[in-house]
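Step one of this worksheet: look at the structure below.
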Amino acid sequence: MPVLNWLNKDEAVATSKKCTYRLLEEIPELSYGDAENQNLLIQGDNLEALKALIPHYAGKVKCIFIDPPYNTKSAFEHYDDNLEHSLWLSMIYPRLELLRELLAENGSIWITLDDNEAHYLKVMCDEVFGRNNFVSNVVWQKKYSKQNDARWLSTSHDHILVYAKNKEKWTPNKLERSQSQLKGYKNIDNDPRGFWQSVVYTCSKSRKERPNLYYPIIHPKTGKEIFPNENRVWAYSQERHMMHKEDNLLWWGEDQEKDKPRLKSFLNKVGSGIVPDTLWLREDSGDNQDAKREVRLLQPDSEFSTPKPEKLISKVLNIATSEGDLVLDSFLGSGTTAAVAHKMNRNYIGIEIGDHATTHCQLRMRKVIDGEGGGISKSTTWQGGGGFGFYQLGEAVFDEYGCLNTNIKFPTLASHIWYLETKTPLSNKGDTPLLGVYNDTAYYLLYNGILGDRRPAGGNVLTSKVLNNLPDIDKHERIVIYGESSRLGEARLKQANITFKQIPYDVGTL
Numbered sequence: 001m002p003v004l005n006w007l008n009k010d011e012a013v014a015t016s017k018k019c020t021y022r023l024l025e026e027i028p029e030l031s032y033g034d035a036e037n038q039n040l041l042i043q044g045d046n047l048e049a050l051k052a053l054i055p056h057y058a059g060k061v062k063c064i065f066i067d068p069p070y071n072t073k074s075a076f077e078h079y080d081d082n083l084e085h086s087l088w089l090s091m092i093y094p095r096l097e098l099l100r101e102l103l104a105e106n107g108s109i110w111i112t113l114d115d116n117e118a119h120y121l122k123v124m125c126d127e128v129f130g131r132n133n134f135v136s137n138v139v140w141q142k143k144y145s146k147q148n149d150a151r152w153l154s155t156s157h158d159h160i161l162v163y164a165k166n167k168e169k170w171t172p173n174k175l176e177r178s179q180s181q182l183k184g185y186k187n188i189d190n191d192p193r194g195f196w197q198s199v200v201y202t203c204s205k206s207r208k209e210r211p212n213l214y215y216p217i218i219h220p221k222t223g224k225e226i227f228p229n230e231n232r233v234w235a236y237s238q239e240r241h242m243m244h245k246e247d248n249l250l251w252w253g254e255d256q257e258k259d260k261p262r263l264k265s266f267l268n269k270v271g272s273g274i275v276p277d278t279l280w281l282r283e284d285s286g287d288n289q290d291a292k293r294e295v296r297l298l299q300p301d302s303e304f305s306t307p308k309p310e311k312l313i314s315k316v317l318n319i320a321t322s323e324g325d326l327v328l329d330s331f332l333g334s335g336t337t338a339a340v341a342h343k344m345n346r347n348y349i350g351i352e353i354g355d356h357a358t359t360h361c362q363l364r365m366r367k368v369i370d371g372e373g374g375g376i377s378k379s380t381t382w383q384g385g386g387g388f389g390f391y392q393l394g395e396a397v398f399d400e401y402g403c404l405n406t407n408i409k410f411p412t413l414a415s416h417i418w419y420l421e422t423k424t425p426l427s428n429k430g431d432t433p434l435l436g437v438y439n440d441t442a443y444y445l446l447y448n449g450i451l452g453d454r455r456p457a458g459g460n461v462l463t464s465k466v467l468n469n470l471p472d473i474d475k476h477e478r479i480v481i482y483g484e485s486s487r488l489g490e491a492r493l494k495q496a497n498i499t500f501k502q503i504p505y506d507v508g509t510l
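Per UniProt numbering, numbering of the sequence shown is gapless, rising by one per residue and ending at 510.
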């Protein structure tokens with residue numbers, strides 16, 4: 001498979017592993033609404049924020065929507081949107097790697113870009129997600145008016161690259177039919193089967209290619225034999241045609257004045273929705289002007305020049321998610337993805353750098369929770385409610401020498417170790433040294449006096465007494481125990497099928 005090479009690619013590939021692994025610290029005064037919510041707004045560099053999410057959310061995100069800087073001098077001022085191409089590619093590559101780790105096996109990622117970097121990114125995404133997991137390149141009509149001062153061609157579209165984590169496990173939802181699409185269904189002849197529309201009865205094959213589909217049909221009014229054109233044939237065999245005739249599925253017009261039949265297609269037979277296509281026009285998906293109006297309605301002095309409309313994000317989430325699914329946007333911008341996800345009853349994580357995480361995103365989400373009525377609010381009957389937690393990047397889990405930060409608490413280290421060992425998020429959040437069992441191996445952590453002994457190193461050292469007090473220790477064939485040190489000999493550990501790993505030396509980084 002062809003791959004993309006650029007200056008300093010090797011460094012970019014290694015960046016996600018070298019990136020500092022930090023804690024996420026809630027800022028209670030910036031959190032808002034229902035305290036039991038599962039939604040996160042994170043202020044900070046999105047590479048470090050994504051790394052911080054891995055132990056808790058790996059494989060859990062159903063849909064990722066990102067609108068990264070386009071490298072065109074046109075993005076929001078907090079982004080350096082005039083990066084030299086190789087720097088831009090080096091910026092995006094490690095973030096894609098971490099995003100893939102967070103994506104669920106049946107999840108998908110949607111990336112909006114213009115022509116400047118879209119085709120480079122397509123090759124890069126083939127490498128990161130696998131070419132076999134490429135779904136489509138959606139073309140979105142971002143504006144209606146022509147740019148008459150354009151030097152070459154007036155650009156009216158952006159790209160949306162769509163990839164699945166595992167294409168065999170991802171099934172897109174169908175979209176509801178619009179009112180204009182439903183208008184095509186009528187019941188002119190009062191058919192008891194309900195509303196229908198007629199579809200063409202021929203196909204674009206020649207008589208030479210499909211001679212068996214070139215046969216005469218008797219016109220019901222004139223009694224004459226009717227043939228398709230020489231360069232077309234009937235779409236159905238003679239046997240199937242007779243079934244259509246017997247089932248009253250042929251439509252020749254109200255007065256049978258048509259020279260060729262059409263086939264009735266009933267609304268109740270075509271399913272509850274339509275398969276999404278790859279051409280998204282502004283009427284159904286919104287455009288840049290819609291987005292600017294939405295943002296300025298909330299913040300009249302907004303500096304965002306290219307936000308995405310709520311209708312566009314809504315369409316993506318309708319295709320890629322269901323209620324309760326987790327949505328992630330690591331280039332949150334003006335906060336549109338979080339706002340739409342909230343109104344559509346999806347859980348979400350939004351990451352944004354700089355002060356506008358508070359001046360734009362946090363403020364917008366407060367208004368959404370208070371019942372803001374713009375964007376898709378009317379179509380979703382949004383009336384307010386819910387909440388979010390606001391977080392910032394905190395201390396590094398490891399220092400510059402790779403040693404564990406002494407300020408790290410038990411839950412943080414437990415989640416980190418569990419992910420290192422299993423590559424899955426820790427679901428057991430209880431106050432117990434038994435983290436869980438994975439592939440017939442039980443994992444224990446002795447740290448921060450988890451057994452109740454709060455003295456320095458109390459209960460953090462593996463002794464015979466500590467071993468006997470570990471929950472369910474005699475129920476597992478294989479055991480891994482993390483602790484500050486062990487006073488049990490190698491023979492005793494081997495006899496009990498215990499692998500002891502010392503903190504901090506055996507605790508690796510992500």
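Here a beta-carbon is modelled for each residue, glycine too, at the ideal position from N, C-alpha and C.
So, are the CB atoms of residue i and residue j less than 8 Å apart?
i	j	result
residue 139	residue 336	no
residue 141	residue 119	no
residue 400	residue 22	no
residue 484	residue 461	yes
residue 419	residue 55	yes
residue 4	residue 361	no
residue 286	residue 307	no
residue 313	residue 174	no
residue 487	residue 463	yes
residue 88	residue 117	yes
residue 397	residue 65	no
residue 107	residue 63	yes
residue 161	residue 125	yes
residue 260	residue 226	yes
residue 426	residue 102	no
residue 206	residue 231	yes
residue 496	residue 445	no
residue 551	residue 330	Examination of residue 551 is not possible in this model, given that the chain is present from 1 through 510 alone.
residue 319	residue 172	yes
residue 148	residue 86	no
Thinking just about the alpha-carbon of each residue, which of the options is nearest to the one in residue i?
i	options	result
residue 201	137, 262, 433	262
residue 368	425, 295, 405, 421	295
residue 100	11, 49, 87, 58	58
residue 61	29, 110, 446	110
residue 177	284, 290, 349, 333	284
residue 67	121, 397, 347	121
residue 222	258, 408, 429	258
residue 255	405, 188, 480	188
residue 16	46, 97, 243	97
residue 251	280, 186, 276	186
residue 321	148, 334, 346, 340	346
residue 324	341, 404, 480, 311	341
residue 386	402, 375, 366, 373	366
residue 501	291, 439, 480	480
residue 90	14, 205, 234	14
residue 24	18, 330, 44	44
residue 343	359, 382, 135	382
residue 508	405, 496, 428	405
residue 407	372, 417, 447	447
residue 290	506, 496, 374, 440	374
residue 38	349, 379, 377, 498	349
residue 429	490, 412, 319	412
Since residue i contacts residue j with CB under 8 Å, what's their CB separation in whole angstroms?
i	j	result
residue 132	residue 159	Actually they do not touch by this definition, with Cβ atoms about 20 Å apart.
residue 144	residue 282	6 Å
residue 351	residue 332	6 Å
residue 266	residue 184	At roughly 12 Å, the Cβ-Cβ gap does not stay under 8 Å, so residue 266 and residue 184 are not in contact.
residue 166	residue 105	5 Å
Is any non-hydrogen atom of the ligand NAD found closer than 7 Å to the C-beta of residue i, if you look at the structure I gave you?
i	result
residue 39	This structure simply doesn't include the ligand NAD, nor any ligand for that matter.
- Message: Taking 8 Å as the cut-off, does the segment 200 to 217 touch the segment 343 to 363 (at least 3 CB pairs, one atom from each stretch)?
- Response: no
- Message: Suppose only complete runs of 3+ residues qualify. What are the beta strand (DSSP E) ranges in the segment 291 to 343, listed by chain order?
- Response: 326 to 329
- Please specify which runs of the beta strand (DSSP E), each continuous and at least 3 residues long, are wholly inside the segment 430 to 501, giving them in chain order. 434 to 438, 441 to 445, 478 to 483
- Query: With contact counted as at least three CB pairs below 8 Å, one residue from each stretch, are the segment 425 to 435 and the segment 463 to 475 in contact?
  - Reply: yes
- Task: Go through the segment 23 to 68 residue by residue and report every complete run of the beta strand (DSSP E) that reaches 3 residues or more, in order.
- Result: 40 to 43, 61 to 66
- Below 8 Å, can you find three or more Cβ-Cβ pairs linking the segment 383 to 391 to the segment 11 to 28? yes
- Quick one: which unbroken beta strand (DSSP E) runs of 3-plus residues sit fully inside the segment 179 to 262? Chain order, please. The qualifying runs are 196 to 200.
- Item | Complete beta strand (DSSP E) runs within the segment 130 to 161 (minimum length 3 residues, chain order) | 134 to 141
- Taking only runs that begin and end inside the segment 361 to 438, name each unbroken beta strand (DSSP E) of 3 or more residues, in chain order. 387 to 396, 434 to 438
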